[in-house]
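K.L.:
Numbering (our numbering), first residue to last: 3 to 101. Backbone N, C-alpha and C fix where the C-beta goes; we use that ideal spot for every residue, glycine too.
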C-alpha cells in the first residue's frame, strides 16, 4: 500500500506541475531543441554562422521518410514497442512479487 501511495503522490505532482506550467504560460509553444539552438547560435554570431559540414557523406546517409504518414507510422511503431517493453517488465515484476 505504501508504494501505491508514493506513486499516486508522484503522479499528482507531475500532473499538477504540467497544468501549472500551462496556466503560467498560456500562449507558449512546444518548440524543439534544434530550433532553440539555432536561435542561440544566430544570436551569438550575429547571423554570420555558416554550416561547416556541407555535402559530406554524413548528409548522404540521412533517412528522409517519403511523407507525413510514414513519420506517423514510425512514431506509432516506436511508441508501441516501448509500451510492449514496459508492459512486459511491469508484468514480470508484478508476477514475481505475487509468488
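Using three-state DSSP, classify residue 90 as helix, strand or coil.
P.N.:
Helix.
K.L.:
Which of the three DSSP states is assigned to residue 41 in this structure?
P.N.:
Helix.
K.L.:
Just how far apart, CA to CA, sit residue 89 and residue 52?
P.N.:
Each residue's alpha carbon lies about 46 Å from the other.
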